[in-house]
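Residue numbering for the first sequence follows this note's numbering, starting at 172 and increasing by one per position.
Note that the Cβ used here is the ideal one computed from N, Cα and C, for glycine as well.
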Amino acid sequence: MPPRKKARVGKRTPKSGDEGETASSPKERAGAKRKAATSVDTGGKRPDSPGVSQYCHWLMKSEPESRFENGVDVKFGIEDLKALPNQTGCWDGVRNYQARNFMRQMKEGQLAFFYHSNCKEPGMAGIMKIVKEAYVDHTQFDKKDVHYDASSKPDNPKWSMVDVQYQRMLKRFLPLSELKKYHLQHRAKGGPLKDMALFTRARLSVQPLTAEEFDFVLSLENKEPL
DNA sequence: GCCAACGTTGGC
DNA sequence: GCCAACGTTGGC
172 MPPRKKARVG KRTPKSGDEG ETASSPKERA GAKRKAATSV DTGGKRPDSP
222 GVSQYCHWLM KSEPESRFEN GVDVKFGIED LKALPNQTGC WDGVRNYQAR
272 NFMRQMKEGQ LAFFYHSNCK EPGMAGIMKI VKEAYVDHTQ FDKKDVHYDA
322 SSKPDNPKWS MVDVQYQRML KRFLPLSELK KYHLQHRAKG GPLKDMALFT
372 RARLSVQPLT AEEFDFVLSL ENKEPL
């Protein structure tokens, strides 16, 4: 298994299906109640079977600059992912239910933006691919780990992670400030970034993008900075 | 380093 | 099941 990275709250997760799935937080349940039947928002997605839709593009945040949490540096930027064997790493350390649930929805082969957060210039740095679907995040049981969770038991793990592989850098870094201009513009007059989670759910570290959002953001790498 | 927004915890 | 207190995220 690849080394780990440091995702903050919403960072890294375990596997599918049965395990853990039943352990939903009060928040998740509340959310489910509010909305409809699933934890999946109705944002944009790709129908898989009748009545079910799911996302197929993602944004995952990590911090590219050194920051110490309990004496451990949580820095993990896209260059760090690229430097790993096979340019692949596990996205461990996610300790937020919504972020975890999104990771559990990820399918092998799907693409995600690598977003640099909590740094000088926050924004989209590059693209990675999901190469292994959700499985148990071992760091939840490691007392030495920054993201150790004493409340999670091995026979019913709470947290999951996926493996991601570096694909490429964006042709140019897309700063949050620029994305925000488009977001505001689109919110006023309509456009693909109108409801982008990056702005409407700012603190979520693993978030879905609709195909329209993903394509629009990607198209910006060929444009002049706004 | 500040602090607004928001997620989590725990008493009742 | 409500909600106040508390903790964390992450832009600025």
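Query                                                                                                              : Result
Nearest-angstrom Cα separation, counted from Q281 out to E192                                                      : Unreliable placement is indicated for E192, whose pLDDT of 36 sits below 50; the coordinate value is still reported in the next sentence. So the two alpha carbons sit approximately 21 Å from each other.
Inter-stretch contact (C-beta, 8 Å, three-pair minimum) for the region 263 to 277 and the region 326 to 336        : yes
Where T259 falls: helix, strand or coil (DSSP)                                                                     : strand
In DSSP terms, what L345 is bridged to                                                                             : M295
Sub-8 Å separation of M231 and Y306 beta-carbons                                                                   : no
Check whether G294 and L345 have beta carbons under 8 Å apart                                                      : yes
Proximity of A270 and V377 at Cβ, strictly below 8 Å                                                               : yes
Euclidean distance between Cα positions of Q225 and K303                                                           : 18 Å
Per-residue burial, N272 [other beta carbons within 10 Å of its own, 16 or more giving buried]                     : buried
Sequence-distant residues of its chain with Cβ nearer than 6 Å to A207 (five each side left out)                   : At A207, the pLDDT of 32 sits below 50, so the modelled position is not reliable and the matter cannot be decided from this model.
In chain order, each alpha helix (DSSP H) run of at least 4 residues that lies wholly inside the region 351 to 394 : 368 to 371, 382 to 390
Top-ranked residue by Cα proximity to E236, from Q276, S288, M277                                                  : S288
Alpha carbon of T310 to alpha carbon of A283, nearest angstrom                                                     : 22 Å
H318 - DSSP class collapsed to helix/strand/coil                                                                   : coil
Between the CA atoms of P256 and R372 - distance to the nearest angstrom                                           : 33 Å
Residue environment, V245, which counts as buried when at least 16 other CB atoms sit within 10 Å                  : buried
Residue from F312, I301, Y337 whose Cα sits closest to the Cα of P325                                              : F312
One or two residues paired with L230 in a DSSP bridge                                                              : F284, Q378
Cutoff 8 Å; reference R339; Cβ partners in own chain excluding five residues on either side                        : G297, I298
Proximity to D386 [Cα-Cα], best of A359, Q336, M367                                                                : M367
Beta-carbon spacing of L397, K352 below 8 Å                                                                        : yes
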